[in-house]
Amino acid sequence: MQSWNSIMEGKIDKYYPVVGGAVIALLYLLLFHLCPKLALNKGFRDILIAAITVNAIAVGFLATAKATLMSIYNSRVIKWMKSTNTYVKTIIYFGDAVNASIFCGIYSMILLLIDFSNPIKHILFLLAVWVFLMAIALLAMHRIIRIFSKILRKAD
Numbered sequence: 003m004q005s006w007n008s009i010m011e012g013k014i015d016k017y018y019p020v021v022g023g024a025v026i027a028l029l030y031l032l033l034f035h036l037c038p039k040l041a042l043n044k045g046f047r048d049i050l051i052a053a054i055t056v057n058a059i060a061v062g063f064l065a066t067a068k069a070t071l072m073s074i075y076n077s078r079v080i081k082w083m084k085s086t087n088t089y090v091k092t093i094i095y096f097g098d099a100v101n102a103s104i105f106c107g108i109y110s111m112i113l114l115l116i117d118f119s120n121p122i123k124h125i126l127f128l129l130a131v132w133v134f135l136m137a138i139a140l141l142a143m144h145r146i147i148r149i150f151s152k153i154l155r156k157a158d
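Each position in the sequence shown, counted from 1, maps to that position plus 2 in our numbering.
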């Protein structure tokens with residue numbers, strides 16, 4: 003069985019939210035060039051509002067999960083995590099996911115101020131940045147949920 007340390011030490015686990023976000027943003031740019039009407043549709047404001055809601059819910063969920071992890075501070079699982087030097091990385095990953103969600107929510111609110119019926123010159127860049135940030139937030143949440151699930155399975 004693969005050790006927890008090797009799972010946490012992997013470069014993939016560390017960087018995949020950012021690399022995945024870049025790949026997804028590049029795919030969005032490709033979609034924009036192939037079919038501009040699909041890349042920026044009339045319902046985009048609704049998508050931004052939904053993104054704000056999803057990110058706010060994610061921040062609440064992640065904060066609760068982090069508090070749960072902190073509440074079992076003296077459990078054998080936490081002692082095991084500390085002995086394998088993964089406790090601090092897990093806390094950092096929680097912070098990364100919370101920060102990505104907050105930043106994406108704020109950027110989504112800023113984009114709501116733009117009138118998409120009269121697009122500004124650099125709308126493609128602004129939307130690609132939004133896709134990048136949203137993908138980072140979602141992938142960072144996925145990473146910490148996956149890690150937290152492993153922690154809970156280890157607690158059995």
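Every residue, glycine too, gets a C-beta built ideally from N, C-alpha and C.
Residue i versus the options, residue with shortest Cα-Cα distance
| i | options | result |
| --- | --- | --- |
| I112 | F34, K81 and L50 | L50 |
| I243 | L115, T55, V100 and K156 | Given a span of 3 to 158 for the chain in the structure shown, any question on residue 243 remains unanswerable. |
| I14 | K156, I153, M72 and L141 | L141 |
| Y109 | L28, P19, A52 and T70 | A52 |
| I59 | V133, V21 and A102 | A102 |
8 Å Cβ cutoff met for residue i and residue j
| i | j | result |
| --- | --- | --- |
| L36 | A130 | no |
| F96 | I54 | no |
| C106 | L135 | yes |
| L104 | V61 | The residue you asked about is not Leu; residue 104 is Ile in the sequence shown. Yes. Within cutoff. |
| F46 | F118 | yes |
| V90 | I153 | no |
Cβ neighbour criterion (16 or more within 10 Å) applied to residue i
| i | result |
| --- | --- |
| G23 | buried |
| Y17 | exposed |
| M143 | buried |
| P19 | buried |
Any chain C beta carbon closer than 8 Å to residue i
| i | result |
| --- | --- |
| A142 | The chain inventory of the structure shown lacks chain C, comprising one protein chain alone. |
Supposed close pair residue i, residue j - CB separation, criterion 8 Å
| i | j | result |
| --- | --- | --- |
| M83 | T70 | Their Cβ separation, rounded to whole angstroms, is 14 Å, which puts M83 and T70 out of contact at 8 Å. |
| L115 | F34 | Not a contact, Cβ separation roughly 21 Å. |
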